[in-house]
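A.B. asks: Just so you know, the sequences run in chain order A and B.
Start counting the first sequence at 5; every next residue gets the next number (my numbering).
Start counting the second sequence at -14; every next residue gets the next number (my numbering).
Sharing a structure with you now.
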Amino acid sequence: MNPANYVLLSAVLFSIGAIGVLVRRNAIIVFMSVELMLNAANLAFVAFARMNGNLDGQVVAFFVMVVAAAEVVVGLAIIVTIFRTRRSASIDEPNLLKY
Amino acid sequence: MNGGAVGIGEAIVFWVSGTLAVIGALGMVISKKAVHSALFIALTMINLAILYVANAAPFLGMVQIIVYTGAVMMLFLFVLMVVGVDSSDSLIETIKGQRAAAFLLGVGFSILLIAGIGNGLMETSSTGLDAANAAQGGNVEGLAALMFGPYLIAFEVTAALLITAAMGAMILTHRERWMPKRTQRELSQERFASGAHPGQLPAPGVYARHNAVDTPALLPDGSASDMSIPEPLRVRDDIRDVDPAEIDEVRQLSADSSGEDDGR
């Protein structure tokens, strides 16, 4: 087996995440799809680090994890705030900026 | 395991964990309920952690389990609890044909990616991390040397980012109180001003023969108090009749006992 298979797997997971973001209407599931895409990118970083014999890829994956954690906190807070005012978690609902 | 080539054991781990990760990802996109989606993506993340460990990144595998499955997914579940578990998707399409177009786009994108990567990477050799890890004495030590060496500034900025995120979450979810908190005194005055019965309702079944809840309490004049019967029974008119003879008997008993008390 070639280590490049890890990169292929990460491409598959990234694509599934992208489809999730585009197809689903529930804000929380869209958010989970974004997390999946971040994770897929991490898997690619780890695989590349191993293929190149260089730990920098793992450090970058670590930073991606930290940024993802911060992003989740703020994103979920926004979802909760929108849910409080609009009583809905659908991403079609918030249209106040439209007018 | 940290060598460049992939052994047969690692291949098995890859195919099992990789399949499970893809199943979890597909389940996350497909499943109707948000809670099921959260559990599916937790499955994906655990399997990704296994793949990290197999891929010469034991530290990242542990961090993945602690940060993602431990913290992030539990946060997701908490928010699902706040937002409501049954907040499923609306089926109205705001843009016509958007779903089908998005699906086609995603499939095309994945074919493109896989074909491109497959073409580009199949010939590559893999160095492995043995030398890089050995330079500092291990994977964690190697990561630490990088993180506190060349990447120190980025690491420090990360701390600022985390604190800002925590502040942001607190400010976003903070709710300002726009009415002064009502004191206990005000609540009590309100309760009495409404004119309703201010205290507890009398308990049912308080005389000697029965203590079932459908037995009304007796008022001092011997009549039954409807207030002592729980609301559902009262509505169904399921109240036990009080036999006047029993009341007399009870009164006699109580008079006797109080006489005994006086004599003591």
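Glycine included, each C-beta is placed from N, C-alpha and C at the ideal position.
According to the neighbour-count rule (16 or more other Cβ atoms, all chains shown, within 10 Å of its Cβ), is Pro(-3) of chain B buried or exposed?
C.D. replies: Correcting the residue identity first, residue -3 of chain B is Ile in this sequence and not Pro. Exposed, since its Cβ has fewer than 16 Cβ neighbours within 10 Å.
A.B. asks: Does chain B have any CB closer than 8 Å to the CB of Thr85 of chain A?
C.D. replies: Taking Cβ atoms only, chain B reaches closer than 8 Å to Thr85 of chain A, which makes this a yes.
A.B. asks: For Thr54 of chain B, would you say it is in contact with chain A, using Cβ-to-Cβ distances shorter than 8 Å as the test?
C.D. replies: Not closer than 8 Å to any Cβ of chain A, the Cβ of Thr54 of chain B fails to qualify, so no.
A.B. asks: For Val78 of chain A, would you say it is in contact with chain B, using Cβ-to-Cβ distances shorter than 8 Å as the test?
C.D. replies: Yes, Val78 of chain A counts as interfacial toward chain B.
A.B. asks: Which residues in the same chain as Ile32 of chain A place their Cβ atom closer than 7 Å to its Cβ, once the five residues preceding and following it in sequence are excluded?
C.D. replies: These residues qualify, in order along the chain: Ile83 and Ala93.
A.B. asks: Where Thr55 of chain B and Leu33 of chain B are concerned, what is the direct C-alpha to C-alpha distance, given to the nearest angstrom?
C.D. replies: Here the sequence assigns Gly to residue 55 of chain B, which means Thr is not the residue at that position. Their Cα atoms are separated by approximately 14 Å.
A.B. asks: At 7 Å on the CB atoms, spell out the chain B contacts of Ile38 of chain A, in chain order.
C.D. replies: Per the sequence shown, the amino acid found at residue 38 of chain A is Val instead of Ile. The contacting residues do not exist; Val38 of chain A stays about 11 Å from chain B at best.
A.B. asks: Just to confirm the assignment, what range does the alpha helix (DSSP H) spanning Trp0 of chain B have?
C.D. replies: Element bounds for Trp0 of chain B: Ile(-7) to Ile15.
A.B. asks: Return yes when the Cβ of Gln62 of chain A is within less than 8 Å of the Cβ of Leu36 of chain B, no when it is not.
C.D. replies: No, the pair does not count as a contact, with Cβ atoms beyond the cut-off.
A.B. asks: In the segment 39 to 66 of chain A, which residues sit with their C-beta less than 8 Å from some C-beta in chain B, listed in chain order?
C.D. replies: Listed in sequence order: Glu39, Leu40, Asn43, Asn46, Leu47, Val50, Ala51, Ala53, Arg54, Met55, Asn56, Gly57, Asn58, Leu59, Asp60, Gln62, Val63, Ala65 and Phe66.
A.B. asks: Check whether the segment 172 to 187 of chain B and the segment 197 to 216 of chain B touch, using three or more Cβ-Cβ pairs below 8 Å as the test.
C.D. replies: Result yes; three or more Cβ-Cβ pairs closer than 8 Å.
A.B. asks: Grouping DSSP H, G and I as helix and E and B as strand, with all else coil, what is Ala202 of chain B?
C.D. replies: The answer is strand: DSSP assigns Ala202 of chain B an E or B state.
A.B. asks: In chain order, what residues of the same chain have a beta carbon less than 7 Å from the beta carbon of Leu13 of chain A, not counting five sequence neighbours either side?
C.D. replies: Excluding residues within five positions, the ones whose Cβ falls inside 7 Å are Leu47.
A.B. asks: Reducing DSSP to helix, strand and coil, say where Ala197 of chain B ends up.
C.D. replies: Ala197 of chain B: coil per DSSP, three-state reduction.
A.B. asks: Could you give the residue range of the alpha helix (DSSP H) that holds Arg160 of chain B?
C.D. replies: Neither: Arg160 of chain B is in no alpha helix (DSSP H) and is coded neither H nor E.
A.B. asks: If you follow the alpha helix (DSSP H) that Tyr136 of chain B is in, where does it begin and where does it stop?
C.D. replies: Counting along the chain, Tyr136 of chain B falls outside any alpha helix (DSSP H), and DSSP gives it neither H nor E.
A.B. asks: Does the count of Cβ pairs from the segment 86 to 93 of chain B and the segment 22 to 29 of chain A closer than 8 Å reach three?
C.D. replies: They touch, by the three-pair rule.
A.B. asks: Of all the CB atoms in chain B, is at least one closer than 8 Å to the CB of Arg90 of chain A?
C.D. replies: It does not; no Cβ of chain B falls within 8 Å.
A.B. asks: Given a cut-off of 8 Å, decide if Ala10 of chain B and Thr29 of chain B are closer than it, judged by their beta-carbon atoms.
C.D. replies: Yes; because the gap between Cβ atoms is below 8 Å, this pair is in contact.
A.B. asks: Gly21 of chain A by DSSP, collapsed to three states: which one?
C.D. replies: DSSP places Gly21 of chain A in helix when its eight states are reduced to three.
A.B. asks: Beta-carbon separation of Leu157 of chain B and Thr89 of chain A under 8 Å?
C.D. replies: Result no, Cβ atoms of Leu157 of chain B and Thr89 of chain A do not sit closer than 8 Å.
A.B. asks: For a contact meaning CB atoms closer than 8 Å, what does Phe61 of chain B contact in chain A?
C.D. replies: Within chain A, the residues near Phe61 of chain B are Ile32, Phe35, Met36, Val76 and Leu80.
A.B. asks: Identify the contact partners of Val71 of chain A in chain B, using a Cβ-Cβ distance below 8 Å as the criterion.
C.D. replies: Per Cβ cutoff of 8 Å: Thr143 and Leu146.
A.B. asks: Mapping DSSP to helix, strand and coil, what is Ser110 of chain B?
C.D. replies: Here Ser110 of chain B sits in coil by DSSP.
A.B. asks: Would you give the residue range spanned by the alpha helix (DSSP H) that His21 of chain B belongs to?
C.D. replies: Taken as a continuous stretch (DSSP letters only), the alpha helix (DSSP H) holding His21 of chain B covers Ala19 to Ala39.
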